[in-house]
Amino acid sequence: QVRLVESGGGLVQAGGSLRLSCAASGSRFNINQLGWFRQAPGKERESVAFIITSDGRTNYRDSVKGRFTISRDIAKNMVYLQMNNLKPEDTAVYYCWLYDTSNYWGQGTQVTVSS
Numbered sequence: 050q051v052r053l054v055e056s057g058g059g060l061v062q063a064g065g066s067l068r069l070s071c072a073a074s075g076s077r078f079n080i081n082q083l084g085w086f087r088q089a090p091g092k093e094r095e096s097v098a099f100i101i102t103s104d105g106r107t108n109y110r111d112s113v114k115g116r117f118t119i120s121r122d123i124a125k126n127m128v129y130l131q132m133n134n135l136k137p138e139d140t141a142v143y144y145c146w147l148y149d150t151s152n153y154w155g156q157g158t159q160v161t162v163s164s
């Protein structure tokens, strides 16, 4: 059974940084994509960044380009999201995401950015 466990969320002032970590385990298939989604109160869940595992290509939503960096440690089955220059509009629950033949999400970690 696929299990994704996030850590690293918290409260930070605008302009600050946080690093999210996600430990992935249990996938019986080749992992196609790994990444992060987020969901703010009253809004739909949205993709933030992901890695295509076959070639390492990354993709970011426009609002985080230049501020967030996604990375992966293959040996440790970890995926990270380095978030710099955080803004209040980045406040959300952040979910680790994995796609092999199905979509999987972690339990989420809260990121709150104060102005």
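Each residue of the sequence shown is one higher than the one before, counting from 50 in the numbering used here.
Every residue, glycine too, gets a C-beta built ideally from N, C-alpha and C.
- A distance below 7 Å separates the beta carbons of R87 and A141.
- The residue from G58, L60, L135, R77 with its alpha-carbon nearest to that of T150 is R77.
- Secondary structure at D111: helix, using DSSP grouped into helix, strand and coil.
- In the three-state DSSP reduction, D139 falls in the helix class (H, G or I).
- Using a Cβ distance threshold of 7 Å, V51 and L83 do not count as a contacting pair.
- According to DSSP, residue pairing for D122 in a beta bridge involves M127.
- Pairing T158 with T118, the inter-Cα distance amounts to about 17 Å.
- Nearest Cα to A63 within the set N81, M132, V54, N79: M132.
- S163 is bridged by DSSP to Q62.
- Residue pairing by DSSP places N152 opposite Y148 in a beta bridge.
- DSSP, read as helix, strand or coil, puts A73 in strand.
- Excluding sequence positions up to five before and after L147, its CB lies within less than 7 Å of the CB of V51, L53, A73, S76, I80, L83, Y153, all in the same chain and listed in chain order.
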